[in-house]
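Q: Protein chains in written order, with the working numbering: chain A, 88 to 543; chain B, 13 to 231. Backbone N, C-alpha and C define an ideal beta-carbon position, used for all residues, glycine too. Fair warning: this is a prediction, and the values are worked out from it, not measured in the lab.
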Amino acid sequence: MKLVRRPLKSLQARLLAPLLGLVTVIWLGAAIMTLVDARDELDDLLDGHLVQAAALLVVQQARAADDDDDGIADAPSLHKYAPQVAFQVFHEGQLVMRSANAGLIPMSTKDHGFATVRLGKGDSWRVFSTRGIESDVQVYVGEQTASRNAILWAILHSVLLPLLFALPLLALGGWWAVRQGLAPLRQLSHALRQRRPQALEPVVLAAMPSEMRPMVESLNSLFERIESMVASERRFTADAAHELRTPIAGIRAQAQVALGAGADEAQRQHALQATLAGCDRATRLVEQLLTLARLESAPAASTASTAATASVDLSAVARRIAADLAPTALARHQTLELEAIAPHAVAGDDMLIGVLVRNLIDNAMRYSPDGARIWIHVATESGQPTLRVEDSGPGMTEPEMARLGERFYRVLGHERPGSGLGWSIVKRIGNLFGAQVQVSHSDRLGGLAVSVRWPA
Amino acid sequence: MRILLAEDDPMLGDGLRAGLRQLGFQVDWVRDGVAAERELASGDYTAAVLDLGLPLKDGLDVLQALRARKITTPVLVLTARDAVPDRIRGLDLGADDYVVKPVDLHELGARLRSLVRRSHGQMQDTLRCGAVLLEPAARRVSLNGEAVTLSTREFDLLHVLMLNADRIMSREQLEQQLYSWGYEVDSNAIEVHIHHLRRKLHPDLIQTVRGIGYTVLRT
Chain A
88 MKLVRRPLKS LQARLLAPLL GLVTVIWLGA AIMTLVDARD ELDDLLDGHL VQAAALLVVQ
148 QARAADDDDD GIADAPSLHK YAPQVAFQVF HEGQLVMRSA NAGLIPMSTK DHGFATVRLG
208 KGDSWRVFST RGIESDVQVY VGEQTASRNA ILWAILHSVL LPLLFALPLL ALGGWWAVRQ
268 GLAPLRQLSH ALRQRRPQAL EPVVLAAMPS EMRPMVESLN SLFERIESMV ASERRFTADA
328 AHELRTPIAG IRAQAQVALG AGADEAQRQH ALQATLAGCD RATRLVEQLL TLARLESAPA
388 ASTASTAATA SVDLSAVARR IAADLAPTAL ARHQTLELEA IAPHAVAGDD MLIGVLVRNL
448 IDNAMRYSPD GARIWIHVAT ESGQPTLRVE DSGPGMTEPE MARLGERFYR VLGHERPGSG
508 LGWSIVKRIG NLFGAQVQVS HSDRLGGLAV SVRWPA
Chain B
13 MRILLAEDDP MLGDGLRAGL RQLGFQVDWV RDGVAAEREL ASGDYTAAVL DLGLPLKDGL
73 DVLQALRARK ITTPVLVLTA RDAVPDRIRG LDLGADDYVV KPVDLHELGA RLRSLVRRSH
133 GQMQDTLRCG AVLLEPAARR VSLNGEAVTL STREFDLLHV LMLNADRIMS REQLEQQLYS
193 WGYEVDSNAI EVHIHHLRRK LHPDLIQTVR GIGYTVLRT
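1. Run through chain B and tell me which residues come within less than 9 Å of residue 349 of chain A, C-beta to C-beta.
2. Could you list which residues in chain B have their beta carbon closer than 8 Å to that of residue 344 of chain A, in chain order?
3. Are three or more beta carbon pairs between the segment 351–371 of chain A and the segment 44–52 of chain B nearer than 8 Å?
4. Tell me, to the nearest whole angstrom, how far the beta carbon of residue 226 of chain A is from that of residue 139 of chain A; I am working on the premise that it is less than 8 Å.
5. Answer with yes or no whether the minimum CB distance from residue 333 of chain A to chain E is below 9 Å.
6. Cα separation between residue 194 of chain A and residue 181 of chain A?
7. Cβ of residue 69 of chain B less than 9 Å from any chain A Cβ?
8. Would you mind reading off the limits of the beta strand (DSSP E) that contains residue 288 of chain A?
9. Any idea what DSSP makes of residue 65 of chain B, helix, strand or coil?
10. 9 Å is my cut-off, CB to CB: does residue 93 of chain B come that close to chain A?
11. Less than 9 Å between the beta carbons of residue 472 of chain A and residue 442 of chain A, yes or no?
12. Checking contacts by CB at 9 Å: is residue 330 of chain A closer than that to chain B?
13. What's the gap between the Cα of residue 429 of chain A and the Cα of residue 402 of chain A?
14. Restricting to Cα atoms, I'd like to know which of B:211, B:183 and B:218 is closest to residue 201 of chain B.
15. What is the DSSP secondary structure of residue 334 of chain A, reduced to helix, strand or coil?
16. Please classify residue 43 of chain B as buried or exposed, where buried requires at least 16 other C-beta atoms within 10 Å of its C-beta.
17. Which of the three DSSP states is assigned to residue 115 of chain B in this structure?
18. Starting from the N-terminal side, write out each stretch of the alpha helix (DSSP H) that is 4 residues or longer and does not extend beyond the segment 149–190 of chain B.
19. Any beta carbon from chain B within less than 9 Å of residue 356 of chain A's own beta carbon?
20. So which residues on chain A does residue 21 of chain B lean against when the C-beta distance must stay under 9 Å?
21. Determine the direct distance from the alpha carbon of residue 191 of chain A to that of residue 228 of chain A, and round the result to whole angstroms.
22. What residue does the alpha helix (DSSP H) around residue 252 of chain A start on, and which one ends it?
23. With the cut-off set at 9 Å, would you say residue 13 of chain B and residue 198 of chain B are in Cβ contact?
24. Which complete beta strand (DSSP E) runs does the segment 31–114 of chain B hold, if anything under 3 residues is left out?
25. Residue 361 of chain A versus chain B: which residues are under 8 Å apart at the beta carbon?
26. I'd like to know if residue 223 of chain B contacts chain A, where contact means its C-beta is closer than 9 Å to some C-beta of that chain.
27. Look at the Cβ atom of residue 534 of chain A, then the Cβ atom of residue 455 of chain A, and state whether they are nearer than 9 Å.
This is the structure:
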């Protein structure tokens, strides 16, 4: 048979079942010990009585012997227990005295000492035999062992009977106590069940036992974290919707202008060009949003742990990205100057560092006029691997620099469309790998200078 | 009808300006909230299209400031913020209409015409003065049921006068309602258009109030 252990479902049952089981076992143990003890004592006591009774008979026989009275004397039965006690006195092999319930033959084969024998209808008797003062007298005193057992049963009864009443009472009391003790848990589960699924406010319980405090506190801190996550997600979605709707609205408006009845050829051309530019812009925005979403959904811890092991040659990445972007720069007569000769190993993921470098160079190109210079520099500065991207563009004012990197923050007055997402991406990647991103004025080229500094 | 367009996105602003011009509106385009408030405060505009996410001053703040200064120019809010609380807030702050991007140009035009109509206390979508019937949406004018061909300026001038029927409009007011930025207005342009309208429609349709301006009587 296979024993399947089913875990008890309720805490109340888990507390109550062992409690009641333990009480029963202890009580039964106590009852058994009491019984064993009582039996030993009872045996001693009753054996003592048998011996005492035998001694009395011996003394009595010694005196009666002088009376020389022939014939058997039958003692009267004086007590309800009397039929269970019997005695015989033999003199020179002749039965001279007996109790009413005693037979005619000796109860025991022993001359002296205790014996347990079967007599009459097969009842079990405890018999004590002894000789008289004169050796021709033989005395037997017997007692039915059934009477002893009856006493033992009575004791057992009186020990176990209370258990029968106590156990349900105990169960009831225990149930009540456990229920009282678990009340805060029930309150908590009730409070949780009552909440709307979207509710994220902290759980507040009137009286909270100290055991539950850590649980409720961590639950509340979880709610708090989820709430801030949901809020940032909601803000992001709203911002993203805004940023996507605007170029789409632009595309639609321009396409309708191109289709419009009153448009001349030049206007139509202009509108169609703008439509195409709008599509490019929407595409770029979608790509950036996806990159950012992927970065934000990547749990910082796991990425950081890969960051700790992986290392990338910053110079190689800068060379690769600069080569990628060079044709675009050439088309706008912008000069890309790259100084990244010696390898510089930094913590990071090849793809992500590539995204970072691309965003920096792309931003510099995007916000600088045609013919501008962009300087890309990889070096070790005071022991720290550092990437610098500087341009000869219009640069930024202090307040503008301060707000940079706020998602969707755009510097005013730029004809070139951008979402401000590039900065968010750069900052986020920097954070992932412990690199510091700083914006300042470029002394070298007069525009904006961005530095990304990895820890030494 | 002269419309102020407040939109910071270059491509969308360019497209809306071109599209609304095609539909016969005079459009001035500003790109930030401060400029929008300044221009609307001048009172020269028949209506405004206002983006909410404007730099320097948020569209809703602009709207609130305008309404606080008792400037009742009808404002159509055009925005990407589509949440119901945003809409409610926009309308409560004094927006006359709330449209979520992207919007169809023709719908935008129709909504603007409707705003202007309502702001002049007019229920029908056509304007009638005696035998002259003007249909703003179709940009059509008829005299005793017969279509009359008018130039864009003539139509706009007649539209403004009929919208403000029984009120006297000064030449300056008419010029401000008719011409967007960048147009050199000849000093006698309005007189020339009035002359043409009288010739094409009826000599007594537009009355001259000496030294003050012009008016169209409803009956």
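A: Here's the rundown:
1. By 1-based counting over the first sequence, the position of residue 349 of chain A is 262. Within chain B, the residues whose beta carbon sits less than 9 Å from that of residue 349 of chain A are 33, 34, 35 and 36, listed in sequence order.
2. Position 257 of the first sequence, counted from the first residue, corresponds to residue 344 of chain A. By Cβ distance, chain B contributes 27, 30, 31, 34 and 117.
3. Because the criterion of three Cβ pairs below 8 Å is not met, the segment 351–371 of chain A and the segment 44–52 of chain B do not touch.
4. Indexing the first sequence from 1 puts residue 226 of chain A at position 139. Indexing the first sequence from 1 puts residue 139 of chain A at position 52. At roughly 12 Å, the Cβ-Cβ gap does not stay under 8 Å, so residue 226 of chain A and residue 139 of chain A are not in contact.
5. This model lacks chain E altogether, as its protein chains are A and B.
6. Working through the first sequence from its first residue, we reach residue 194 of chain A at position 107. Working through the first sequence from its first residue, we reach residue 181 of chain A at position 94. Between residue 194 of chain A and residue 181 of chain A, the C-alpha separation is close to 14 Å.
7. Looking up residue 69 of chain B in the second sequence gives position 57. So, not an interface residue.
8. For the purposes of this step, residue 288 of chain A is taken as residue 201 along the first sequence, with counting starting at 1. Unbroken run through residue 288 of chain A: none, as it is neither H nor E.
9. For this step, residue 65 of chain B is matched to residue 53 along the second sequence. Reduced to three states, the DSSP call for residue 65 of chain B is coil.
10. Looking up residue 93 of chain B in the second sequence gives position 81. For residue 93 of chain B, a Cβ of chain A is located within less than 9 Å of the residue's own Cβ.
11. Counting from one through the first sequence, the residue named residue 472 of chain A turns up at place 385. Counting from one through the first sequence, the residue named residue 442 of chain A turns up at place 355. With contacts defined by Cβ atoms closer than 9 Å, residue 472 of chain A and residue 442 of chain A do not form a contacting pair.
12. Along the first sequence, one-based indexing puts residue 330 of chain A at 243. Answer yes: the Cβ-Cβ gap between residue 330 of chain A and chain B drops below 9 Å somewhere.
13. Here residue 429 of chain A refers to the residue found at position 342 of the first sequence. Here residue 402 of chain A refers to the residue found at position 315 of the first sequence. So the alpha carbons of these two residues sit roughly 7 Å apart.
14. Position 189 of the second sequence holds residue 201 of chain B. Ranked by Cα distance from residue 201 of chain B, the first of B:211, B:183 and B:218 is B:183.
15. As a working mapping, residue 334 of chain A is identified with position 247 in the first sequence. Correct three-state label for residue 334 of chain A: helix.
16. The residue labelled residue 43 of chain B in the question sits at position 31 within the second sequence. Under this definition residue 43 of chain B is a buried residue.
17. Taking the second sequence and counting its residues from 1, one reaches residue 115 of chain B at position 103. Three-state DSSP puts residue 115 of chain B in coil, outside helix and strand.
18. Restricted to the segment 149–190 of chain B, the alpha helix (DSSP H) segments that are unbroken, complete and at least 4 residues in length are 164–175 and 183–190, listed in chain order.
19. To locate residue 356 of chain A, count along the first sequence from 1; it is residue 269. Judged by the 9 Å Cβ criterion, residue 356 of chain A is not in contact with chain B.
20. In the second sequence, the residue the question calls residue 21 of chain B occupies position 9. The contacting residues are 333, 334, 336, 337 and 504.
21. Here residue 228 of chain A is taken as the residue at index 141 of the first sequence, counted from 1. Here residue 191 of chain A is taken as the residue at index 104 of the first sequence, counted from 1. Approximately 13 Å, taken between the alpha carbons.
22. Stepping through the first sequence from its first residue, residue 252 of chain A is reached at position 165. Where residue 252 of chain A is concerned, the enclosing alpha helix (DSSP H) stretches over 232–268.
23. Start at 1 with the first residue of the second sequence, and residue 13 of chain B comes out as number 1. Start at 1 with the first residue of the second sequence, and residue 198 of chain B comes out as number 186. No, they are not a contact pair.
24. The segment 31–114 of chain B contains these whole beta strand (DSSP E) runs: 38–42, 59–62, 87–91 and 109–112.
25. The residue given as residue 361 of chain A occupies position 274 in the first sequence. Result: 23, 26 and 27.
26. Here residue 223 of chain B refers to the residue found at position 211 when the second sequence is read from its first residue. So, not an interface residue.
27. On the first sequence, residue 534 of chain A is found 447 positions in, with the first residue counted as 1. On the first sequence, residue 455 of chain A is found 368 positions in, with the first residue counted as 1. Yes.
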